[in-house]
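Student: Residue numbers (our numbering): 387 to 650.
Cβ atoms here follow ideal geometry from the backbone N, Cα and C, with glycine treated the same way.
All figures in this text were calculated on a predicted structure; none of them were measured in a lab.
Here it is: the structure, laid out below.
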Amino acid sequence: MPIDLILVRHGHSEGNLAVSRSKKGDDSLYTPDFRERPGHRWRLTAEGQVQASTAGKWILDNIGVQFDRYYASPYVRTQETAALLDLPGAEWRLDQRLRERDWGELGSVPIPEQASLYPRNIVLQKADALYWRPPGGESIADARMRVRTFFDTMHRECEGQSVVVVTHGDIISAARGALEYLSDEEWLAFDGDESKRILNCHIYHYSRRDPATGEVGKYLSWRRAVCPTDTGIDTGWETITRKRFSNAELLERVNGVEPTVEVR
């Protein structure tokens with residue numbers, strides 16, 4: 387695996403703006419043209435362009451100037467973000483495995499309309515956020531399996547290197563599950579914590595280098611999350627634990643779930 391793997395969410399996009407307004411009851415941006423345009427062709431807003439430039443400066447000032455590989459999702463908003471990071475000498479590789487989670491029939495549909503078209507879907511989403519699939523789309527668990535194949539490439543081709551990846555919020559969320567060995571319960575706790583929401587141009591830096599000693603280990607065992615556009619967000623370096631469970635520990639986890647029918 388790379389010594390340093392930097393994941394960057396794209397800047398604020400046209401889709402982000404439309405969704406945020408829709409949540410407040412304003413669906414005016416959902417014009418016929420917007421509805422017909424595929425989500426992969428959304429541009430950054432002016433705010434998103436500034437965010438990308440700010441994130442690029444933070445990377446140069448705090449991580450490094452040169453990287454061995456540069457990857458981006460092929461979506462327009464991630465390409466635009468990657469370019470505006472303005473990393474010197476970058477040669478970007480577009481990889482479809484880094485594309486946004488597929489929202490299926492819910493893409494480019496206002497929030498109130500989603501609820502009226504698919505009322506049962508809202509219930510399922512709230513009950514099972516990790517495994518729930520939008521109609522015709524992907525679950526986070528599906529996206530996690532997809533992103534694992536990208537990490538297989540990192541393992542084969544990027545040993546000892548530094549890699550920058552520009553992708554999407556749900557893909558970083560799925561990547562966290564894979565890279566940090568999060569249990570379903572841990573992922574759900576993270577996903578439900580508003581203070582840990584993955585913001586536009588949020589940077590997740592994974593490293594094999596011990597931040598205290600500089601020694602390079604075998605695994606990506608440390609993670610730091612920073613959002614340069616929100617100076618209050620910096621987790622500092624946190625250690626990633628590769629979890630194992632004994633038989634007794636598994637049973638303890640199982641017994642925390644009440645049966646829905648009588649177990650004989």
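Figure out for me which residue from Asp-528, Ile-626 and Val-640 has the closest Cα to the Cα of Ser-632.
Tutor: The option with the nearest alpha carbon to Ser-632 is Val-640.
Student: Express the C-alpha separation of Glu-543 and Ala-634 in angstroms, rounding to a whole number.
Tutor: Computed Cα separation, rounded: 39 Å.
Student: Quick one: Cα of Gly-546 to Cα of Met-387, how far?
Tutor: The alpha-carbon atoms of Gly-546 and Met-387 are separated by roughly 7 Å.
Student: Which class does Glu-624 belong to by DSSP, given the choice of helix, strand or coil?
Tutor: If DSSP states are grouped into helix, strand and coil, Glu-624 belongs with the strands.
Student: What separation, rounded to the nearest whole angstrom, lies between the Cα atoms of Ser-581 and Asp-472?
Tutor: Near 29 Å, if we compare the C-alpha coordinates of Asp-472 and Ser-581.
Student: So, do the segment 440-450 and the segment 514-529 have three or more beta carbon pairs nearer to each other than 8 Å?
Tutor: Flag = no, the segment 440-450 and the segment 514-529 do not touch.
Student: Is the beta carbon of Arg-610 closer than 7 Å to that of His-591?
Tutor: Against a cut-off of 7 Å, the Cβ pair of Arg-610 and His-591 comes out as a contact.
Student: Which one or two residues does DSSP pair with Ala-561 in a beta bridge?
Tutor: Ala-561 is not bridged to any residue.
Student: Along the chain, which unbroken stretches of the alpha helix (DSSP H) at least 4 residues long are found entirely within the segment 561-614?
Tutor: Correct list: 570-577.
Student: Should Asp-412 go down as buried or exposed, given a rule of 16 or more other Cβ atoms within 10 Å for buried?
Tutor: So Asp-412 ends up on the exposed side.
Student: Please return the same chain residues whose Cβ sits closer than 8 Å to the Cβ of Val-549, not counting the five positions on each side in sequence.
Tutor: Here the set comprises Pro-388, Asp-390, Leu-391, Ile-392, Phe-453, Asp-454, Arg-455, Tyr-456, Tyr-457 and Met-540.
Student: Bridge partners for Trp-478 per DSSP, in chain order?
Tutor: Paired residue(s): Tyr-456.
Student: Give me the Cα-Cα distance between Arg-423 and Asp-488, rounded to the nearest whole angstrom.
Tutor: Using only the alpha carbons, I get a separation of about 15 Å.
Student: Locate the beta strand (DSSP E) running through Val-549, then write down its first and last residues.
Tutor: Looking at the DSSP string, the run of the beta strand (DSSP E) that includes Val-549 is 548-553.
Student: Which complete beta strand (DSSP E) runs does the segment 469-531 hold, if anything under 3 residues is left out?
Tutor: 478-480, all fully within the segment 469-531.
Student: Can Ile-497 and Glu-566 be called in contact, C-beta distance under 7 Å?
Tutor: Contact flag unset, no.
Student: For Ser-399, which residues does DSSP report across the bridge?
Tutor: Answer is Leu-430.
Student: If you reduce the DSSP assignment to three classes, tell me which class Ile-449 lands in.
Tutor: Coil, per DSSP.
Student: Three-state secondary structure (DSSP) at Val-394?
Tutor: Correct three-state label for Val-394: strand.
Student: Can you round the beta-carbon distance between Ile-558 and Arg-407 to whole angstroms, since I take them to be within the 8 Å contact cut?
Tutor: With a Cβ gap of about 24 Å, Ile-558 and Arg-407 do not count as contacting.
Student: When you compare each of Val-462, Val-612 and Gly-475 to His-622 by their alpha carbons, which one comes out closest?
Tutor: With the sequence shown as reference, residue 622 is identified as Gly, and His is not the correct amino acid for it. Cα-wise, what sits closest to Gly-622 is Val-612.
Student: Go through its chain and collect everything with a Cβ distance to Asp-419's Cβ below 8 Å, but skip five positions before and after it.
Tutor: If we look at Asp-419 and ignore the five residues flanking it on each side, it has no Cβ neighbours.
Student: Could you pull out every residue in the same chain whose Cβ sits closer than 7 Å to the Cβ of Gly-603, ignoring the five residues on either side in sequence?
Tutor: So the list reads Arg-594 and Asp-596, once near-sequence residues are dropped.
Student: Inspect the beta-carbon positions of Gln-500 and Leu-510 and report whether they are closer than 7 Å.
Tutor: No, Cβ-Cβ distance for Gln-500 and Leu-510 is not below 7 Å.
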